[in-house]
Amino acid sequence: MKKILFAVLIVSATVLNGCKKQKETYYTPKEKTVSADVPQTKLPLQRMDLECFLPRDIVAVDSMIVLFTSDKQSMIQVFDYSGQPIVKLSPSGRASNEFLQVRYSHQNTVIDGDRYLHVESDDHYYLYNLSGSVRNGANLKPTKLLDKPDDRYLVHDYCTLFRPDGSYFQYRGVSHNEVTIPTSALTTNPDGTVSLNNYQIPEFEYYPPQYIYVKTDGDTVKYDIFPRLPKFNRPDNSPSMYFCKVRMSDDGTRVVSVHLHDRMTFINLESGDVFGVRGPDFVDLAKLADNDDLLLQTVVGVMQVVTYGDYIYVLYDHNTVQEEENDAPVNPTIRIFTWDGSFVAELIPDAPIINFYIDKTTGRLFAFDWDEQFYTAEPLGTVPFGSLAESKNPT
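Mapped onto the working numbering, the consecutive letters of the sequence shown carry residue numbers 222 to 616.
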């Protein structure tokens, strides 16, 4: 049975009734639809003799495969490119060099010859010295970059990406108001259960996602992409319609937000230009807004986004729907876009991978599937997969 990719806050329909009528803003300004007629080819993958349980994310740098895991004994595990273990790092803990949990923030850099990874914990964003921690055999104390927003529990999806000069871009997904029930409205029953005293629970109100660029001097630029949310028949669908994966170009000048429903929003941090792209499996939210089963009838296929050279690589599963049970096997492709929004090529892996990374130095691709099997592919060229993109149809 396929795992659930993304959690969605579901609230009682009675709480959601009576939401205020809003102007409908479904799509990014200047949004265009790309042609699906692009070169396609199969991507041969070779199995790796690598053993790691509960992997969540994968990074390949400096001849090291770094796996972020759900294993509390070692949340960061490092292997060489043959799959042999190098060191297990980051047991869950509260010491100054530990995290209760840690995730990769999809950026890394070299400082004074050492490789640093951008990571996030429950409360903060950090720079984590991977090279030094490998040499030490244990985590070095990370450098805190930024606190997470105090109201993050009201925000359904967010991320922060840093530019080389220390300025940063922050995406904050759909948020909602804080709904609390006063103690005076509750009664403890003889059997220990709690009931309401004819108390009217406040309505949930949903607010549009925010795209914010904070400069080094603290000046803030806000991109008013979705001034209001669409009036969905079920407002609790709103958060999932804007779940996305956000990545920054290597030079820090541009950001792309890849929505799970096969849409992309591009932002140029230098010029302020914003435009959108609808992919081959574009979901027309405007036509589905009144459908109570919207989440069960739309593909939420974007599984991973990787930038490599001048291109954006989107791992897309054509079968994933956001429902509790879905037995359809993973059916992934890797779609390749330019930073101007052009869809230029598509790879068809010969294994059902769910996550991948491309070593920016060697061009080698590493991946894993639901069964925790690991794979690698031959180095990719500086153009999309080199000669692989020359084929018009799968071979």
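Using N, Cα and C, we set each Cβ at its ideal position, and we do this for glycine too.
Asked: Express the C-alpha separation of Met285 and Leu450 in angstroms, rounding to a whole number.; Found: 43 Å
Asked: Closest to Asp505 by C-alpha separation, out of Val520, Val495, Asp494, Glu424, would be which residue?; Found: Val520
Asked: Mapping DSSP to helix, strand and coil, what is Thr404?; Found: helix
Asked: So what's Tyr347 in DSSP terms, helix, strand or just coil?; Found: strand
Asked: Could you check what DSSP says for Glu599 in three-state terms: helix, strand or coil?; Found: coil
Asked: Do you know offhand how far Glu599's Cα is from Gly394's?; Found: 36 Å
Asked: Compare the C-beta of Asp371 against all C-beta atoms of chain D and say whether one is closer than 8 Å.; Found: Any reference to chain D falls outside this structure, which holds one protein chain only.
Asked: Find the nearest neighbour of Asp278 within the set Ile422, Thr262, Leu266, Met296, judged by alpha-carbon distance.; Found: Met296
Asked: Counting only the same chain and skipping the five closest in sequence on each side, list residues whose C-beta sits under 6 Å from that of Asp580.; Found: Ala281
Asked: What does a CB cutoff of less than 6 Å around Lys309 pick up in its chain, not counting 5 residues either side in sequence?; Found: Ser295, Gln298
Asked: What does the alpha-carbon distance come out to for the pair Ser461 and Pro448?; Found: 17 Å
Asked: Which value, in whole angstroms, describes the spacing of the CA atoms of Asn552 and Ser405?; Found: 52 Å
Asked: Quick check on Ile574: buried or exposed, where buried means 16 or more other Cβ atoms within 10 Å of its Cβ?; Found: buried
Asked: Inspect the beta-carbon positions of Val476 and Leu490 and report whether they are closer than 8 Å.; Found: yes
Asked: Cα separation between Val255 and Leu366?; Found: 37 Å
Asked: Please go through the same chain and pick out, in chain order, the residues whose beta-carbon is closer than 6 Å to the beta-carbon of Ser396, but skip the five residues on each side of it.; Found: Leu375, Val376, Tyr428
Asked: When the Cα of Asp592 is compared with those of Tyr578, Ile557, Pro550, Leu586, which residue comes out closest?; Found: Pro550
Asked: Closer than 8 Å is the cut-off here; do at least three beta carbon pairs connect the region 352-364 with the region 378-390?; Found: no
Asked: Taking only three categories from DSSP, how would you classify Gln328?; Found: strand
Asked: What's the call for Ile538, buried or exposed, on a 16-neighbour Cβ count within 10 Å?; Found: The sequence shown places Asp at residue 538, not Ile. Under this definition Asp538 is a buried residue.
Asked: Go to Met285, then tell me how far its beta strand (DSSP E) extends in each direction, as first and last residue.; Found: 285-290
Asked: Kindly indicate the opening and closing residues of the alpha helix (DSSP H) around Leu516.; Found: 515-518
Asked: The beta strand (DSSP E) that contains Lys466, what's its start and end?; Found: 465-469
Asked: Apart from the five residues just before and just after Ser608, which ones in its own chain have a Cβ nearer than 6 Å to its Cβ?; Found: The pLDDT assigned to Ser608 is 45, lower than 50, so where the model puts this residue is not dependable; a value taken from the coordinates is nonetheless given after this. Taken in chain order, the list of residues that qualify is empty.
Asked: Quick one: measure Cβ to Cβ for Lys436 and Ser388, integer angstroms, because I've assumed they're closer than 8 Å.; Found: 5 Å
Asked: Going by the DSSP bridge assignment, what does Phe300 pair with across the sheet?; Found: Ile286, Pro306
Asked: With DSSP run on the structure shown, which of helix, strand or coil describes Val523?; Found: strand
Asked: Using 8 Å as the threshold, is the region 398-416 in touch with the region 495-502, meaning 3 or more CB pairs across them?; Found: no
Asked: Should Phe274 be labelled buried (16 or more other beta-carbon atoms within 10 Å of its own) or exposed?; Found: exposed
Asked: Could you check whether the region 558-571 touches the region 511-526, counting it as contact only if at least three pairs of C-beta atoms, one from each stretch, sit closer than 8 Å?; Found: no
Asked: Name the two residues that bound the continuous alpha helix (DSSP H) containing Leu509.; Found: 506-509
Asked: I'd like the ranges of any beta strand (DSSP E) spanning at least 3 consecutive residues and lying wholly in the region 336-383.; Found: 345-350, 364-368, 379-383
Asked: Tell me the DSSP secondary structure of Asn458 in three-state form.; Found: helix
Asked: Look at the alpha carbon of Arg556 and the alpha carbon of Glu567, and state the distance between them as a whole number of angstroms.; Found: 5 Å
Asked: Which residues in the same chain as Val236 place their Cβ atom closer than 7 Å to its Cβ, once the five residues preceding and following it in sequence are excluded?; Found: Interpretation of Val236 is limited by its pLDDT of 33, a score under 50 that renders its predicted location unreliable; the figure taken from the coordinates is listed afterwards. So the list reads Ile422, Glu424, Phe425, once near-sequence residues are dropped.
Asked: Please report the distance separating the alpha-carbon of Thr597 from that of Phe558.; Found: 21 Å
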